[in-house]
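Heads up, the thing below is written out as structure tokens.
Number of protein chains: 2
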Amino acid sequence: MAKDKGSSFNLKTPKGTKDWSGSDALLRDRIFTTIANVFKRHGGTALDTPVFELREILAGKYGEDSKLIYDLKDQGGEICSLRYDLTVPFARWLAMNSDVRSIKRYHIAKVYRRDQPAINKGRMREFYQCDFDIAGTFDAMVPDAEILRIVSEVFEELGWNGRYTIKLNHRKILDGVFAVCGVPEDKLRPISSAVDKLDKMPWAEVRKEMVDQKGLDPEVADRIEKYVMNKGSRELLDSLLKDETLNANASAKAGLEEMALMMDYLEAFGVLDKISFDMSLARGLDYYTGVIYEVVTEGSAGVQADAPEAQKAEKSKKGKSKVSEDDDRSNDPTLGVGSVAAGGRYDNLVGMFLPKAQIPCVGISFGVDRIFSITKARIEREKKSDALRNSEVDAYVMAFGGKGFGGMLKERMEICQKLWSAGIKAEFSYKLKPKLPQQFKAAEQGAIPFGIILGEEELAAGKCRIKEMGLPEGHPEKEGVEVEITSLVSELQTRLAKKQQGAVSSLAAQLQGTSV
Amino acid sequence: MAKDKGSSFNLKTPKGTKDWSGSDALLRDRIFTTIANVFKRHGGTALDTPVFELREILAGKYGEDSKLIYDLKDQGGEICSLRYDLTVPFARWLAMNSDVRSIKRYHIAKVYRRDQPAINKGRMREFYQCDFDIAGTFDAMVPDAEILRIVSEVFEELGWNGRYTIKLNHRKILDGVFAVCGVPEDKLRPISSAVDKLDKMPWAEVRKEMVDQKGLDPEVADRIEKYVMNKGSRELLDSLLKDETLNANASAKAGLEEMALMMDYLEAFGVLDKISFDMSLARGLDYYTGVIYEVVTEGSAGVQADAPEAQKAEKSKKGKSKVSEDDDRSNDPTLGVGSVAAGGRYDNLVGMFLPKAQIPCVGISFGVDRIFSITKARIEREKKSDALRNSEVDAYVMAFGGKGFGGMLKERMEICQKLWSAGIKAEFSYKLKPKLPQQFKAAEQGAIPFGIILGEEELAAGKCRIKEMGLPEGHPEKEGVEVEITSLVSELQTRLAKKQQGAVSSLAAQLQGTSV
Numbered sequence: 012m013a014k015d016k017g018s019s020f021n022l023k024t025p026k027g028t029k030d031w032s033g034s035d036a037l038l039r040d041r042i043f044t045t046i047a048n049v050f051k052r053h054g055g056t057a058l059d060t061p062v063f064e065l066r067e068i069l070a071g072k073y074g075e076d077s078k079l080i081y082d083l084k085d086q087g088g089e090i091c092s093l094r095y096d097l098t099v100p101f102a103r104w105l106a107m108n109s110d111v112r113s114i115k116r117y118h119i120a121k122v123y124r125r126d127q128p129a130i131n132k133g134r135m136r137e138f139y140q141c142d143f144d145i146a147g148t149f150d151a152m153v154p155d156a157e158i159l160r161i162v163s164e165v166f167e168e169l170g171w172n173g174r175y176t177i178k179l180n181h182r183k184i185l186d187g188v189f190a191v192c193g194v195p196e197d198k199l200r201p202i203s204s205a206v207d208k209l210d211k212m213p214w215a216e217v218r219k220e221m222v223d224q225k226g227l228d229p230e231v232a233d234r235i236e237k238y239v240m241n242k243g244s245r246e247l248l249d250s251l252l253k254d255e256t257l258n259a260n261a262s263a264k265a266g267l268e269e270m271a272l273m274m275d276y277l278e279a280f281g282v283l284d285k286i287s288f289d290m291s292l293a294r295g296l297d298y299y300t301g302v303i304y305e306v307v308t309e310g311s312a313g314v315q316a317d318a319p320e321a322q323k324a325e326k327s328k329k330g331k332s333k334v335s336e337d338d339d340r341s342n343d344p345t346l347g348v349g350s351v352a353a354g355g356r357y358d359n360l361v362g363m364f365l366p367k368a369q370i371p372c373v374g375i376s377f378g379v380d381r382i383f384s385i386t387k388a389r390i391e392r393e394k395k396s397d398a399l400r401n402s403e404v405d406a407y408v409m410a411f412g413g414k415g416f417g418g419m420l421k422e423r424m425e426i427c428q429k430l431w432s433a434g435i436k437a438e439f440s441y442k443l444k445p446k447l448p449q450q451f452k453a454a455e456q457g458a459i460p461f462g463i464i465l466g467e468e469e470l471a472a473g474k475c476r477i478k479e480m481g482l483p484e485g486h487p488e489k490e491g492v493e494v495e496i497t498s499l500v501s502e503l504q505t506r507l508a509k510k511q512q513g514a515v516s517s518l519a520a521q522l523q524g525t526s527v
Numbered sequence: 012m013a014k015d016k017g018s019s020f021n022l023k024t025p026k027g028t029k030d031w032s033g034s035d036a037l038l039r040d041r042i043f044t045t046i047a048n049v050f051k052r053h054g055g056t057a058l059d060t061p062v063f064e065l066r067e068i069l070a071g072k073y074g075e076d077s078k079l080i081y082d083l084k085d086q087g088g089e090i091c092s093l094r095y096d097l098t099v100p101f102a103r104w105l106a107m108n109s110d111v112r113s114i115k116r117y118h119i120a121k122v123y124r125r126d127q128p129a130i131n132k133g134r135m136r137e138f139y140q141c142d143f144d145i146a147g148t149f150d151a152m153v154p155d156a157e158i159l160r161i162v163s164e165v166f167e168e169l170g171w172n173g174r175y176t177i178k179l180n181h182r183k184i185l186d187g188v189f190a191v192c193g194v195p196e197d198k199l200r201p202i203s204s205a206v207d208k209l210d211k212m213p214w215a216e217v218r219k220e221m222v223d224q225k226g227l228d229p230e231v232a233d234r235i236e237k238y239v240m241n242k243g244s245r246e247l248l249d250s251l252l253k254d255e256t257l258n259a260n261a262s263a264k265a266g267l268e269e270m271a272l273m274m275d276y277l278e279a280f281g282v283l284d285k286i287s288f289d290m291s292l293a294r295g296l297d298y299y300t301g302v303i304y305e306v307v308t309e310g311s312a313g314v315q316a317d318a319p320e321a322q323k324a325e326k327s328k329k330g331k332s333k334v335s336e337d338d339d340r341s342n343d344p345t346l347g348v349g350s351v352a353a354g355g356r357y358d359n360l361v362g363m364f365l366p367k368a369q370i371p372c373v374g375i376s377f378g379v380d381r382i383f384s385i386t387k388a389r390i391e392r393e394k395k396s397d398a399l400r401n402s403e404v405d406a407y408v409m410a411f412g413g414k415g416f417g418g419m420l421k422e423r424m425e426i427c428q429k430l431w432s433a434g435i436k437a438e439f440s441y442k443l444k445p446k447l448p449q450q451f452k453a454a455e456q457g458a459i460p461f462g463i464i465l466g467e468e469e470l471a472a473g474k475c476r477i478k479e480m481g482l483p484e485g486h487p488e489k490e491g492v493e494v495e496i497t498s499l500v501s502e503l504q505t506r507l508a509k510k511q512q513g514a515v516s517s518l519a520a521q522l523q524g525t526s527v
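Sequences listed follow chains A and B, in order. FYI, the numbering for the first sequence is 12 to 527, going by this note's numbering. FYI, the numbering for the second sequence is 12 to 527, going by this note's numbering.
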């Protein structure tokens with residue numbers, strides 16, 4: 012026990028990490044539960060992998076961003092690193108369990124990146140991802156479409172009421188476009204990554220980067236512009252399907268046909284109206300092989316954004332949101348700029364571990380820290396902060412007495428025991444002789460809906476009072492209702508059920524942003 | 012992309028870690044939910060801290076076990092280590108948030124120890140702890156008693172039906188006993204740690220260690236025996252309260268008086284019958300200052316134990332379970348030998364970080380991996396493995412058709428969409444034209460309770476069939492019930508609600524070990 016160290020400790024969490032407590036922890040927990048419930052509704056099963064992996068498992072998966080991986084110290088034995096995302100551990104698991112030929116798995120866990128933190132923008136070194144992936148050989152685009160249905164269910168249940176767009180593209184279409192425009196093989200990746208910046212810089216700048224920095228023929232750049240500046244839905248796809256030059260390219264043709272199937276299925280799933288077929292979407296990670304997508308919203312850049320302004324910006328720039336420009340999470344390959352979820356199809360990743368275990372996959376990763384910031388900002392904007400409680404206690408058991416009063420500690424304990432045994436969340440003061448105002452204050456601070464008040468005379472008669480907190484003056488039950496202790500549990504349960512009806516809609520309202 | 016690496020990867024998880032998937036992950040998740048619900052019922056609020064801490068935060072807290080701490084590599088910047096338990100991060104958080112003068116916090120998360128793994132015994136390098144702690148200055152023993160009430164609620168709700176014992180002791184009593192027996196100041200810790208071994212070796216051996224190895228006067232050892240071999244309840248306490256030698260020692264007197272209060276409160280909370288006042292319980296960690304406790308069960312050593320034998324051993328050895336002797340998790344300071352939960356009062360830990368932030372604490376840590384092993388072994392013993400499903404899907408939407416049949420993929424998608432929108436968990440085959448037996452097989456393998464069968468003619472008439480899976484031959488609904496598609500959701504919900512009634516009791520049965 013190094014008592015001598017005393018106050019010399021550097022009292023902080025490591026750079027880029029933070030503690031989560033109180034109403035923030037509770038709200039984040041509700042977001043996890045909402046997302047996990049959608050995952051389970053689609054047959055998802057949980058997978059939990061170790062927080063660190065053998066270093067060689069992560070090697071060669073993240074390109075330049077490998078420098079952001081946290082390594083464990085060599086203390087003898089294996090060389091390990093903290094996981095950088097949840098996708099590579101999933102692929103490693105699939106390769107190890109090659110008897111599993113199809114699975115829908117979800118994983119909600121922290122990942123680690125030694126990035127320059129920008130806490131105000133929600134970029135942390137330790138942050139949560141919520142991933143859902145479907146592995147298996149299936150008919151084309153069927154699981155891919157279900158992933159986007161899952162996206163829409165998550166955001167609807169988080170109460171975003173359609174205020175988000177799923178940007179959708181296909182790697183094969185993009186590859187075909189670059190090929191027919193005449194991009195040389197060795198410039199494919201750099202040009203693709205330049206195109207991907209179109210959500211935060213205008214075409215003129217992107218073109219400049221292509222021509223001046225990356226040495227692309229200006230005519231090739233101009234041909235690219237005619238394609239990648241397009242956004243739309245089925246009508247855009249229809250016009251591309253009639254583009255003979257493009258369809259002469261095998262990759263583009265295959266991508267366009269898959270996109271047509273995808274749109275059919277998205278329509279059957281009722282999510283086509285959320286989709287923007289965005290030919291500039293390229294996504295950073297190399298391992299995508301098919302459809303790619305990113306979810307953006309007016310509030311994606313987080314709590315700093317003034318939402319109405321951002322909305323205006325969104326409209327005036329035709330989907331180029333102003334807030335995105337403030338955000339430079341460009342070195343995060345999982346989430347695009349300003350995006351709250353992203354993913355795509357990756358058919359070759361598992362084979363990198365074990366060629367004979369090759370299994371095609373498609374998936375989505377939700378960035379919970381951003382979703383949290385946006386949700387919290389909305390709740391605060393709507394002044395529903397009183398709805399953000401630290402805990403969810405139903406009843407506070409208190410003693411009422413004057414001078415010479417014994418505090419009734421054991422009686423309060425016995426009442427609590429009855430309530431707990433019935434599954435009711437209850438607290439009481441840990442003081443032997445607490446004062447009534449202190450007890451009321453504790454109940455009010457915890458926003459606890461009911462007080463159970465014990466008085467010595469009432470108790471002797473086998474009774475106590477249930478008092479609903481916060482009733483207005485003049486309410487007939489303002490002073491509480493006397494009940495038999497034998498029926499306290501059922502009386503309280505009846506009142507809680509009535510209240511819960513309200514609480515459920517209040518929680519829904521909290522997540523959905525509508526007043527109650 | 013290091014494609015050239017191919018199959019040269021070492022496909023495994025790091026030593027002492029494992030993946031959790033399928034029914035194991037689901038069962039563990041249910042255990043977490045059960046425990047978290049009890050924590051919330053007692054007003055617990057969630058705290059989440061980073062998985063690594065500044066190394067100096069962990070330094071000097073774990074004595075010899077500090078060698079088991081995982082360090083992160085020095086990649087420039089701060090020097091960090093993976094957390095070793097959840098208690099020290101909680102104390103660090105309290106010191107950092109010195110405006111928080113009282114809190115009930117819970118934390119369910121992984122901790123890391125570079126120990127020699129013994130996977131069969133459930134000793135891993137990465138494992139979960141579920142902690143509940145109460146910080147604040149309160150009247151003596153009130154929160155301490157609530158912690159043990161929480162222990163009993165957790166194990167009752169996990170279905171252990173009283174098959175566990177809470178061993179209870181008090182550091183001040185132990186210190187007083189050692190003082191009046193004449194243990195020299197410098198031998199207090201070594202003698203205390205020898206006494207703590209009485210749950211896995213007989214007194215003769217412990218005495219030998221004290222006298223031969225630790226140089227204790229044999230007469231002192233004999234005086235110690237008269238105290239520490241005692242186990243009991245209130246009658247033991249009453250006899251100690253009459254022991255004038257012991258009560259002449261201030262520490263012992265204070266401890267005994269607190270123990271008397273504790274027993275009063277445990278009686279009010281209805282848990283006194285689960286308690287064994289065990290004077291040999293010492294607990295490894297130095298930071299305990301008051302009551303200490305450990306929960307033991309006949310199955311504590313895990314899945315290897317043949318339960319009936321273990322029970323016999325338990326009885327014949329009066330609480331010294333045979334299985335404990337097979338278990339050498341003696342270097343785990345959080346869990347005692349064979350224990351499934353442990354904790355105590357630690358009033359000085361927060362002050363080690365910041366003396367002015369000093370705040371007394373009392374808490375409990377549940378060892379979920381052992382609880383999991385015991386629960387799973389019981390389920391398997393009782394041949395309820397069919398109850399362990401990988402996912403919780405309610406309905407499998409399938410197409411029925413013969414030659415030339417179109418597969419009805421979009422129709423299946425549309426029906427799924429209706430079900431998902433109503434919150435029903437549903438799956439369908441990702442094949443364009445799946446065969447009926449394949450679809451039935453998928454539903455059966457997933458133990459999915461209902462099939463929704465689409466036929467072309469029925470569909471044209473706006474109808475489909477709900478088929479409850481697994482009905483016996485001859486059951487009137489064996490072939491399913493035809494319903495209007497417009498009322499499919501409500502018809503299915505009615506059936507699911509009826510089924511859920513059964514499922515809830517089945518889940519309860521699964522956790523509680525009773526047949527349905």
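The beta-carbon is built from N, C-alpha and C at its ideal position, and this holds for glycine as well. In this text the structure is predicted, and so the values were computed from the model without any measurement.
- Annotation: Cβ neighbours of Gln428 of chain A in chain B (cutoff 8 angstroms, chain order): Arg160, Ala279, Phe280 and Gly281.
- Using a Cβ-Cβ cut-off of 8 angstroms, Glu438 of chain A counts as an interface residue toward chain B, since at least one Cβ of chain B sits closer than that to its own.
- Under the 8 angstroms criterion on CB atoms, Met424 of chain A is classed as interfacial with respect to chain B.
- The alpha carbon of Thr28 of chain B has as its nearest neighbour, out of A:Ile158, A:Asn241 and A:Leu93, the alpha carbon of A:Leu93.
- Per DSSP, Phe411 of chain B is one residue of the beta strand (DSSP E) stretching across Ala406 to Phe411.
- Nearest CB-CB separation between Lys421 of chain B and chain A: below the 8 angstroms threshold.
- With contacts defined by Cβ atoms closer than 8 angstroms, Arg182 of chain B and Thr300 of chain B form a contacting pair.
- When C-beta atoms of the segment 102–116 of chain A are compared with those of the segment 257–272 of chain A, fewer than three pairs fall below 8 angstroms, so the two segments do not count as touching.
- Between Phe377 of chain A and Ala102 of chain A, the C-beta gap is not smaller than 8 angstroms, which leaves the two residues out of contact.
- Residue ranges of uninterrupted beta strand (DSSP E) with 3 or more members are absent from the segment 193–217 of chain A; none lies entirely inside it.
- According to the DSSP assignment, Lys474 of chain A belongs to the beta strand (DSSP E) that extends over Lys474 to Glu479.
- Taking all protein chains in view, the Cβ of Gln127 of chain B is surrounded by fewer than 16 other Cβ atoms within 10 Å, so the residue is classified as exposed.
- DSSP places Gly362 of chain A within a helical segment (H, G or I) once states are collapsed to three.
- Excluding five sequence positions before and after Lys178 of chain B, the CB atoms of its chain that fall closer than 7 angstroms to its own CB belong to Ser287, Asp289, Leu292, Tyr304, Glu305 and Val307, given in chain order.
- If you ignore the 5 residues before and after Val217 of chain B, its C-beta comes within less than 8 angstroms of the C-beta of Ala205, Val206, Lys208 and Leu209, all in its own chain and listed in chain order.
- The beta-carbon of Trp31 of chain B is placed less than 8 angstroms from the nearest beta-carbon of chain A.
- Residues of chain A with a Cβ closer than 8 angstroms to the Cβ of Thr56 of chain B are, in chain order, Ser32, Gly33, Ala36, Leu37, Asn401 and Ser402.
- Remark: C-beta atoms of Glu269 of chain B and Ala146 of chain B do not approach each other more closely than 8 angstroms.
- Residue burial is scored here from C-beta neighbours: Val492 of chain A has fewer than 16 other C-beta atoms within 10 angstroms and is therefore classed as exposed.
- Burial is judged here by how many other beta carbons sit within 10 angstroms of a residue's own beta carbon; Arg423 of chain B has at least 16 and is buried.
- Under the DSSP assignment, Asp249 of chain B falls in the alpha helix (DSSP H) whose first and last residues are Arg245 to Leu252.
- Per DSSP, the unbroken beta strand (DSSP E) holding Gln140 of chain B starts and ends at Glu137 to Ala146.
- Phe63 of chain A: member of the beta strand (DSSP E) spanning Phe63 to Leu65, first to last residue.
- Residue range Ser350 to Tyr357 is occupied by the beta strand (DSSP E) that includes Gly354 of chain B.
- Interface flag for Tyr175 of chain B against chain A is unset, since no Cβ pair is found closer than 8 angstroms.
- Under the three-state reduction of DSSP, Tyr276 of chain A is assigned to helix.
- Annotation: Cβ neighbours of Thr28 of chain B in chain A (cutoff 8 angstroms, chain order): Pro61 and Phe63.
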